[in-house]
Amino acid sequence: MSMNKRWIVRGLIVAAVAGIAFLLWTLLKPAGLPEGIVGGNGRLEATEIDVASKSAGRIKDIVADEGQLVKAGEIVAHMDVDVLDAQRTEAVAQLAEAQNAVLVAQTQVAQRESEKAAAQAVVRQRIAELNASRKRLARSETLAREGATAVQERDDDAAQTEGAAAAVEAARAQLASAEVAITNARNQVIGSRSRVEAGRATIQRIEADINDSSLRAPRDGRVQYRVAQPGEVVTAGGRVLSLVDLSDVTISFFLPATAAGRVAIGSEARIVLDAIPDYPIPARISFVADVAQFTPKTVETQSEREKMMFRVKARIDPALLRKHIAQVKTGLPGMAYVRIDPGIAWPASLAVRTLPEGSRAVQ
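Counting from 1, one number per residue, gives the positions in the sequence shown under the numbering used here.
Next comes the structure, spelled out in C-alpha cells:
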C-alpha cells in the first residue's frame, strides 16, 4: 500500500510540474500574435568543444585567455616536448646508423660478387685441366696397349685425371658458396634498408607527436575556460581548454503538444533576446523532440494532453553568426517564435531588421 501511495505522490508531482510549465508558456506567450505563430522562452546555447592533449605530458604554457576569440588551427597551448626532442635525436642517430649499414651491406655484395667471378674462373680453369688430363690419359692408354709406353705412366695419368675431376668439384662447391654469400649480402642490404624506412617512420611519428603538442583550436570559437593550468601533468586525452563553437548557436524552448505537432524541421523562426528586443534574429527549426518533456504519469483527458510540453530547438544562420562573431555570446535569455501556419505573415514586431554596427544582438 505504501508503494502505491509513493506512485500516486510522484504522479501528482509530475502533473503539477506539467501544469506549471503549461501555465508559464501561456502567460509568457506575447499578446497580439497571430494564431499561426507560437513561441517559448529559452537561452542561447552553443556547442562546447574540448581542446585536449593527444598524449600524456606536462602543459608548458597556455597562450589563449578565457573569453578570447580563436580561429580554427590557431595554437592555444603548448605541451612540453623535451622528451620528444630527445627521442627524435635518438631516432635520427639510429637512422644514420641504418643508412651506414646499407652502404656496408652493398659493399659486401660487391665483394661477394667479385669472389663469385673468381670462383667461376677457377671452375673454368679446373675444367680445362680435367679435359687436358683426360686427353693425356686417352693417349697413355692407347700407347700402353701397343706397348709403346710403360703401364706406370698410364696409371699416373689416370691418377692426375681423377685429381683434376676432384678439383673441378671443389671449384664448383666454392662457386656455390660464393653465390650463397651473395644472397646473404643482398638480404643484409634489404634488412638495412628496412631499418632505414623504420627509422624514417619513427622520426615522422615523433615529429607528428611534437606537432600535436602544439594544441590548436579545432574550429572558430571563443575560449570558455581553462580546465588545466601550465605546469600540470595531464593524461592522454586530458582536457586543457573548453571552447564554444560560435558557428553553431541555438535556443531551446518548449511548446505544448498541440503546437509542437505542427512544427516542421526547417520552419522559419525568430529569436528576440532580452538584451535587444527591437532586433529579432532570423533562425530555423533544427530539432523537435519526439518525446514529451513534461508528461503526467497518467494522461486520460484532453486537457491533460494539452499540458504535454515538447522541446524545440531553433538554429541561427551560421553566415549571420560569422558576420557578428566578435559579438556572439551564449547564455542570454530570450523568446523564440515559430510559424506553425506558413500562410501567416510575420508581424511588424518580429520583422528582421539590420543590426547596428557593433551590436551585441547575437550574444
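Every residue, glycine too, gets a C-beta built ideally from N, C-alpha and C.
Roughly how many whole angstroms lie between the Cα atoms of residue i and residue j?
| i | j | result |
| --- | --- | --- |
| GLY40 | PHE253 | 5 Å |
| LEU215 | SER247 | 20 Å |
| ASN100 | LYS54 | 34 Å |
| GLY343 | GLU268 | 12 Å |
| GLN204 | LEU320 | 41 Å |
| ALA348 | VAL223 | 37 Å |
| ILE271 | ALA217 | 29 Å |
| LEU243 | LYS60 | 19 Å |
| ALA264 | ALA236 | 43 Å |
| ALA46 | ASP82 | 37 Å |
| GLN293 | GLN68 | 36 Å |
| ALA165 | SER194 | 44 Å |
| SER286 | THR354 | 23 Å |
| ALA283 | GLN327 | 17 Å |
| ARG226 | ILE325 | 21 Å |
| SER133 | VAL104 | 43 Å |
| TRP346 | PRO333 | 21 Å |
| VAL245 | GLY331 | In the sequence as displayed, the identity of residue 245 is Asp instead of Val. Those two C-alpha atoms are separated by around 13 Å. |
| VAL288 | PRO277 | 25 Å |
| ARG186 | ILE127 | 29 Å |
| GLU300 | ASP290 | Legend: pLDDT at GLU300 = 45, less than 50; position of this residue unreliable, no value from coordinates given. |
| ALA138 | GLN160 | 12 Å |
| ALA336 | ASN211 | 44 Å |
| ALA158 | ASN184 | 39 Å |
| GLU162 | GLU97 | 51 Å |
| TYR279 | ARG322 | 17 Å |
| LEU350 | VAL233 | 51 Å |
| GLU364 | ARG145 | No answer is possible for residue 364: it lies beyond the span of the chain, which begins at 1 and ends at 363. |
| SER140 | ILE182 | 43 Å |
| ASP274 | LYS329 | 13 Å |
| GLY238 | ARG219 | 19 Å |
| ARG311 | PRO318 | 22 Å |
| LEU143 | ASP156 | 14 Å |
| VAL38 | VAL70 | 37 Å |
| GLU129 | ALA118 | 17 Å |
| PRO34 | GLY266 | 20 Å |
Could you round the C-beta distance between residue i and residue j to whole angstroms and report it? I think they count as a contact, below 8 Å.
| i | j | result |
| --- | --- | --- |
| ASP341 | GLY36 | 3 Å |
| VAL51 | ALA77 | 7 Å |
| VAL352 | LEU44 | Not really, about 17 Å apart at Cβ, beyond 8 Å. |
| GLY231 | ARG58 | 7 Å |
| LEU175 | LYS135 | Between LYS135 and LEU175 the Cβ distance is about 24 Å, and since that is not below 8 Å, they are no contact. |
| ILE75 | VAL63 | 6 Å |
| VAL102 | SER177 | Rounded, the Cβ-Cβ distance is 24 Å, inconsistent with contact. |
Tell me, please, which residues DSSP counts as bridged to residue i.
| i | result |
| --- | --- |
| ASP245 | THR47 and GLY221 |
| PRO333 | ARG43 |
| ARG339 | ILE37 |
| ALA110 | According to DSSP, which records beta bridges pairwise, ALA110 is partnered with nothing at all. |
| ASP61 | HIS78 |
| VAL92 | VAL92 is not bridged to any residue. |
| PRO282 | ARG270 |
| VAL288 | VAL312 |
| THR250 | GLU45 and ARG315 |
| SER133 | According to DSSP, which records beta bridges pairwise, SER133 is partnered with nothing at all. |
| ARG239 | ALA52 |
| SER214 | HIS78 |
| ARG226 | LEU241 |
| VAL70 | GLY221 |
| LYS234 | At residue 234 the sequence reads Val, which differs from the Lys that was named. GLY57. |
Whose C-alpha, out of the options, is nearest the C-alpha of residue i?
| i | options | result |
| --- | --- | --- |
| VAL240 | VAL249, GLU169 and GLN229 | GLN229 |
| ILE251 | LYS313, ILE49, ASP290 and ARG58 | LYS313 |
| LEU95 | ARG58, ALA77, THR202 and ALA166 | THR202 |
| ARG88 | MET335, ALA292, GLY199 and GLY221 | GLY199 |
| ILE206 | MET308, GLN174, LEU69 and GLU90 | GLU90 |
| ALA56 | ASP80, ILE62 and ASP65 | ASP80 |
| ALA208 | ASP85, ASP65 and VAL352 | ASP85 |
| VAL196 | LEU273, ASN131 and VAL92 | VAL92 |
| VAL189 | GLN106, ASP212 and VAL180 | GLN106 |
| MET308 | LEU255, ALA336, ALA275 and ILE316 | LEU255 |
| GLU393 | LYS323, SER114 and ASP65 | This structure gives no information on residue 393, because the portion of the chain shown stretches from 1 to 363. |
| HIS66 | GLY221, ASP317 and ILE281 | The sequence as given places Glu at residue 66; His does not occur at that position. Looking at the Cα atoms, GLY221 is the closest of the given residues. |
| ILE281 | GLU129, THR142 and ARG315 | ARG315 |
Does any heavy atom of the ligand SAH sit closer than 7 Å to the C-beta of residue i?
| i | result |
| --- | --- |
| ASN211 | In the structure shown, the ligand SAH is absent, as is every other ligand, since no ligand is present at all. |
With three or more C-beta pairs closer than 8 Å as the rule, is the stretch 110-117 touching the stretch 259-278?
no
Tell me whether the stretch 118-127 and the stretch 166-178 touch, counting them as touching only if at least three CB pairs, one residue from each stretch, are closer than 8 Å.
yes
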